[in-house]
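Please read the structure below before turning to the comments.
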Amino acid sequence: MTERRNDPTRRMNGGRAVAEMLNAYGGAPIWGMAGFQLLPFYDGVRALGMTHTLINDERCGAFAADAWARVTGRPGVVDATLGPGATNLLTALVESLNAGVPMIAVVGDANRTHAWKNMTQETRQIEMLAPAVKEVIRVEVGERIPEHVRRAFAVATSGRPGPVILDVPEDIAHGEFDFSEEALYVDEACKRIPSLRARPDAAAVERAAALLDRAERPLLLAGGGIHLSEAWEALRRFAETHGVPVAHTMSGKGAIACTHPLSMGLFGRYDRIANGLIEEADALIAVGCKLGEIATKRYTLPPAHIPLIHLEIEAGEIGRAVRAHTGLWGDAAAGLDDLAAACDARIDRSAWTGETARRHAAWREEARARYESAERPVNMARLVHAIRTALPDDGILVADGGFAGHWTGLLYDTRQAGRTYIADRGFASIGYGLPGGMGAALAAGDRPVVALSGDGGFNMTLGEIETARRLGLGLTVAVVNNAASGYVKALQHAMYGGRYQSSDLSETDYAAAARALGCHEVRVEDPADLDAAFAEAIAERNRPSVVDVVVTRDPAQMLPGMDNRTAAPKIEQGDRIA
């Protein structure tokens, strides 16, 4: 009599098993560059019909996966071979770690039989990468691959999300193992963020509500954690019900639509009116915001005497940089709903919300001249205005580090809540714009995407234009062409009286470079041509477009701070003005 098994087994190599599990978790598009160690994984990806894109630099692959994850709420996936492939991921992994972006990085490693015998490209990659991720999971037993992949998704999507490394030695990837069908299951809750929601302590919520009920001028400070929790509706309900204006960090832009009457714009290093409102408030609620250097204007905000309620999913961030009078440890959406229910909805704060709206309207009127500037070279505010005009409400702007982030963080307005603005503020590395735009475009479907990058950041990643063209992405890349490492040159101008060192770039026609790479291109020197240039570029849906915008070469006009808050009359050595 033949014994019948209820758990039939499948035999496959370790690389195929990794691919099977990633596919079972939804088959996110993978970005990477193969090496011998992961060839069985690549063959598994091919056999399963998964989407995989050869990237020209592993850092760019991780940036693309990061942006894809921000748009979809699902973990992005990147792979890299051992040694230089793995170490090339480092900068991008730190971005995702600091920004709370879920990612799975599949990394090949040396054959364990011959490890530490000077194998080609072998290095102590785990030790280098470990501080850049939430967890490193090394596969030592092939049969445990399904368990390890489930663990990777659980860690990546829970608490404050982040990247996880699955380190796969060569002999594991190429080795053959038996897997029972029942072992190849997935945890459905961990396919996207937030996988689990934790509510703040009820007694702490009551204390926070009592503090808020006494406040006449409360202000909510929204960080990127609002997006990680998908707490947009919870925030809007809370703000509208209790008459609480909302300011945001750069990562928190879109927590509430910038056009909402209760939106007060950016706070911190650059602001419209929000820093002044922080000084006047009699209660502050920080939600999903770490209150680091940029948000606190290098720890000069908020004033210590103003009571602060800090709602944060990462308990260790509460009170880390700024004293929290009441800490709420939990999910942003759940915490806001609980706090809204505990507060007295009968309190009338219309005088306060009316005054804040009046001030913001006055700022907009004062800024109109910059938004509509006809000056040549193109004013940065006019460029930002042109992008805002060209994109529909659900279009996505990806802002690179440096100027692209600074100017758009201050001047760009989202018209709806959600992730329609992406800036790499976790590590603020330049070079994110183009690959981040690729990832966002792959996630966005028919929604148009514009990536804004300085010329320095674009120089770093120019080769990925080939990748975008190969993918047929209708991505628009706008290059802020000031022929300089503009942020550094502006600081040298302000701090050293025009003594410049290593801050100039060659005058480059990026439109001509894009043309040579088979892309749609246009060079803009007259602001009157901006609207048509972006309309034409966004209409190009089957290949990338590069809009090369010539902006000021005057370092005195490069920083947005020079327009909205001015530099100090005298800058002492060691001061940081922006």
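All letters in the sequence shown, in the order written, are residues 86 to 663 by this note's numbering.
Glycine is no exception: its CB is placed at the ideal position from the N, C-alpha and C atoms.
Predicted, not measured: the structure shown is a model, and the values here were computed from it.
Residue i versus the options, residue with shortest Cα-Cα distance
i: G31; options: A502, G401, P330 and H390; result: With the chain covering 86 to 663 only, the question about residue 31 has no answer from this structure.
i: G516; options: Y497, L495 and A489; result: A489
i: W448; options: E399, G503 and A359; result: A359
i: I311; options: A340, E610 and G260; result: A340
i: L468; options: W437, G539, F512 and A529; result: G539
i: E325; options: L305, D164 and L313; result: L305
i: Y355; options: E378, L369 and A454; result: E378
i: H259; options: T136, G129, D633 and P216; result: G129
i: R584; options: G541, F543 and P640; result: P640
i: V224; options: V240, V234 and P216; result: V234
i: D433; options: G518, E315, H470 and P303; result: P303
i: R532; options: G487, D479 and L558; result: D479
i: V534; options: S314, Y506, G170 and V163; result: Y506
i: A598; options: L175, S348 and D633; result: D633
i: N544; options: L527, A596 and T208; result: A596
i: I189; options: W201, V226 and G146; result: G146
i: N464; options: E399, S314, R638 and S435; result: R638
i: G401; options: R209, E232, T208 and R245; result: R245
Beta-carbon proximity check, residue i vs residue j, cutoff 7 Å
i: P612; j: A459; result: yes
i: P279; j: G415; result: no
i: I623; j: T561; result: yes
i: G373; j: R277; result: no
i: N141; j: G548; result: yes
i: H605; j: S587; result: no
i: V191; j: L251; result: yes
i: G350; j: T334; result: no
i: A150; j: G161; result: yes
i: R236; j: I257; result: no
i: P462; j: V636; result: yes
i: W317; j: G503; result: yes
i: G524; j: R554; result: no
i: A466; j: R453; result: no
i: A366; j: I391; result: yes
i: P346; j: L369; result: no
i: Q206; j: G247; result: no
i: D423; j: V609; result: no
i: G193; j: T166; result: yes
i: A528; j: W153; result: yes
Presumed contact (8 Å Cβ cut-off) between residue i and residue j, rounded CB distance
i: F352; j: A371; result: About 10 Å; that fails the 8 Å criterion.
i: P254; j: A195; result: 6 Å
i: R229; j: A342; result: Going by Cβ atoms, the distance from R229 to A342 rounds to 46 Å, so no, they are not a contact pair.
i: L495; j: T441; result: Not quite, the Cβ-Cβ distance comes to about 18 Å (not below 8 Å), so this is no contact.
i: I394; j: A293; result: 5 Å
i: M643; j: G530; result: In fact, because the Cβ distance is near 36 Å, the residues do not count as touching under 8 Å.
i: G522; j: A536; result: 3 Å
i: A104; j: L139; result: Incorrect: roughly 16 Å between the Cβ atoms, too far for contact.
Coarse secondary structure for residue i, derived from DSSP in three states
i: T334; result: coil
i: R467; result: helix
i: R302; result: coil
i: P114; result: coil
i: E260; result: The question names Glu, yet the displayed sequence has Gly at residue 260. Correct three-state label for G260: coil.
i: E450; result: helix
i: Y595; result: helix
i: M349; result: strand
i: R223; result: strand
i: G518; result: helix
i: L527; result: helix
i: K445; result: According to the sequence as given, residue 445 is His; it is not Lys. Looking at H445 - three-state DSSP - the assignment turns out to be helix.
i: R245; result: coil
i: S314; result: helix
i: M213; result: helix
i: R155; result: helix
i: E105; result: helix
i: L369; result: strand
i: T176; result: helix
i: W201; result: coil
i: M135; result: coil
i: L376; result: coil
i: N566; result: strand
i: I250; result: strand
i: D633; result: strand
i: G439; result: helix
Check: residue i C-beta below 6 Å from any heavy atom of the ligand FAD
i: S630; result: With respect to the ligand FAD, the structure shown offers nothing to examine, as it has no ligands at all.
Test: residue i CB closer than 7 Å to a CB of chain D
i: A316; result: The displayed structure is made up of one protein chain only, and chain D is not part of it.
> Taking contact to mean at least 3 C-beta pairs separated by less than 8 Å, is the segment 464-481 in contact with the segment 611-625?
Replying inline: The segment 464-481 makes contact with the segment 611-625: 3 or more CB pairs, one atom from each, lie closer than 8 Å.
> Taking one C-beta from the segment 589-607 and one from the segment 553-570 each time, how about it: are there three or more such pairs within less than 8 Å?
Replying inline: Two segments are said to touch when three or more pairs of C-beta atoms, one from each, lie closer than 8 Å; by this definition the segment 589-607 touches the segment 553-570.
>> Could you check whether the segment 282-300 touches the segment 425-433, counting it as contact only if at least three pairs of C-beta atoms, one from each stretch, sit closer than 8 Å?
In response: These segments touch.
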